[in-house]
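What follows is a single structure, written as structure tokens, with notes after it.
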Ligand code: LLP
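Numbering (this note's numbering), first residue to last: 30 to 492.
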């Protein structure tokens, strides 16, 4: 669509309304490597490629919308986490960020462990060949059936989340004639600097057992007395999309404090601590995430220092990154539909997906970037809001971003950093079908999760 097709619309940076954005970027065709998967590049013809495959070919072969995942980037990030922590620590990928059988196989091959938080995730992990002893089972309300399956499968650890669960897991393990390795999840009372829905270390919430008031110490006391349990450590997860390391420092300090109290009271030095996941990624060029080796160094130093001060043997550390591994490795590819310029405000660009494939903007006020990827453009920047096709005005994918004024229906645009918590939180709202996850590597693309079909919808509708 040419610029003159929208004479009344907000075209230039000098008519910008209030919003969450910085100045238009100097070059709308540039792709900031901070927010795009590693093999993403714009070819000489202006078309963006990933893993050696261009987005027009991807759209032709797999349709839109589609989550496009750079497999070599995923593997590289997984390896970077494993290597950063070395052999003295364990990295558990948090499957809730995005899980499929291909992902489980990649993790297995790259030497990572896996954190699952439901029977469904456990089944996916086991069915793709992840050894049970490399699986940690989480959740604040695991069912008896889920616990039984996890114990029977021989998972490496169950992370206990309540007093009731301590007893429940102990009984089931005893019934099955085994001792289950467990960690006890505590809340250390840290206010993580992130959205309140994804902060998990303050006390007034559903996860974990508060350190405050001696409750965590009491939980350890009870767990140590039960024959069905082998208490291997303490777990703390302070929240998600966090950039500031100070929350982790306070958490490590308090967890080690509890280990010391346990040693003093019971004469037992628990051999492991898990500091959870939560490391932030760049969704826009304004975000500055830490590299895994910096995080590993910081966490290892804090724990070692705290343990020396408490005269404790340094426990084996584990971490559970989800978003930081998968988040940056994928983008969502959409086709542009209706374009609606609103005078003095912004241009609404509708795409063929929306809040059903990315609920994060509506749910957490998350910020994303966007780029025209099926061609380059020298047109002026316009302030755009990328919206979906759902019957809801909050159906926003990207709140404020700049796209070229010659954007037209049929163009392909892509939203980067959608690898984590987009497919895994996708819905069928308005009976919109969930997009496929297309893995791309060395010039080859393949669906690792296929597109949902109308037959899939009708198959569940048995009334
Ligand atoms: N470990 C535990 C116990 C967790 O609860 C979580 C995330 C993680 C590890 C992984 O956190 P990550 O490294 O991915 O930040 N849906 C929200 C995020 C919810 C996180 C839930 N727990 C979002 O889209 O931002």
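From the three backbone atoms N, C-alpha and C, an ideal C-beta is built for every residue, glycine too.
Query, Result
"Under the three-state DSSP convention, the category residue 409 falls into", "coil"
"Cβ contact check for the segment 471-488 and the segment 400-418: 3 or more pairs under 8 angstroms", "no"
"Buried versus exposed call for residue 478 [16 or more other C-beta atoms within 10 Å across all chains shown]", "buried"
"Test item: CB-CB of residue 145 and residue 131 under 8 angstroms", "no"
"Three-way DSSP call (helix, strand, coil) for residue 236 in this model", "coil"
"Distance cut-off 7 angstroms: residue 167 Cβ against heavy atoms of the ligand LLP", "yes"
"In DSSP terms, what residue 142 is bridged to", "121"
"Closest Cα partner of residue 463 within the set 474, 362, 220", "362"
"Cβ-Cβ distance between residue 401 and residue 372 below 8 angstroms", "no"
"Nonlocal neighbours in the same chain, by C-beta distance under 8 angstroms from residue 261, ignoring five residues either side", "186, 210, 211, 212, 299, 300, 301"
"Cβ distance (whole Å) where residue 166 is taken to contact residue 179 below 8 angstroms", "4 angstroms"
"Secondary structure, beta strand (DSSP E): runs of 3+ residues fully inside the segment 155-230", "164-166, 186-189, 209-216"
"Option nearest residue 416 by Cα separation, candidates 410, 449, 369", "369"
"The segment 113-120 / the segment 323-341 touching (three or more Cβ pairs under 8 angstroms)", "yes"
"Assigned exposure category for residue 248 - 16 Cβ within 10 Å defines buried", "buried"
"Any non-hydrogen atom of the ligand LLP within 7 angstroms of residue 269 CB", "yes"
"Extent of the continuous alpha helix (DSSP H) to which residue 106 belongs", "100-114"
"DSSP state of residue 262 mapped onto helix, strand, coil", "strand"
"Where residue 375 sits in the DSSP three-state scheme", "coil"
"Exposure of residue 321, with buried meaning 16 or more beta-carbon neighbours within 10 Å", "buried"
"Counted within 10 angstroms of its Cβ, other Cβ atoms place residue 252 as buried (16 or more) or exposed", "buried"
"Residue 438 and residue 366 closer than 8 angstroms at C-beta", "yes"
"Assigned exposure category for residue 356 - 16 Cβ within 10 Å defines buried", "buried"
"Span of the alpha helix (DSSP H), counted from its first residue to its last, around residue 276", "275-295"
"Cα-Cα separation, residue 220 to residue 304", "15 angstroms"
"Collapsed DSSP secondary structure at residue 243 in the structure displayed", "helix"
"Closer than 7 angstroms: residue 231 CB and nearest the ligand LLP heavy atom", "no"
"Check whether residue 347 and residue 118 have beta carbons under 8 angstroms apart", "yes"
"Beta-bridge partners of residue 303, as assigned by DSSP", "264, 347"
"In DSSP terms, what residue 476 is bridged to", "467"
"beta-carbon residue 144 near the ligand LLP non-hydrogen atom, thresh 7 angstroms", "yes"
"Proximity test, residue 350 beta-carbon vs the ligand LLP heavy atom, cut-off 7 angstroms", "yes"
"Euclidean distance between Cα positions of residue 175 and residue 436", "50 angstroms"
"Any non-hydrogen atom of the ligand LLP closer than 7 angstroms to residue 353 Cβ", "yes"
"Buried or exposed (CB count within 10 angstroms, at least 16 for buried), residue 449", "buried"
"Spatial distance of residue 188 from residue 411 (CA atoms)", "49 angstroms"
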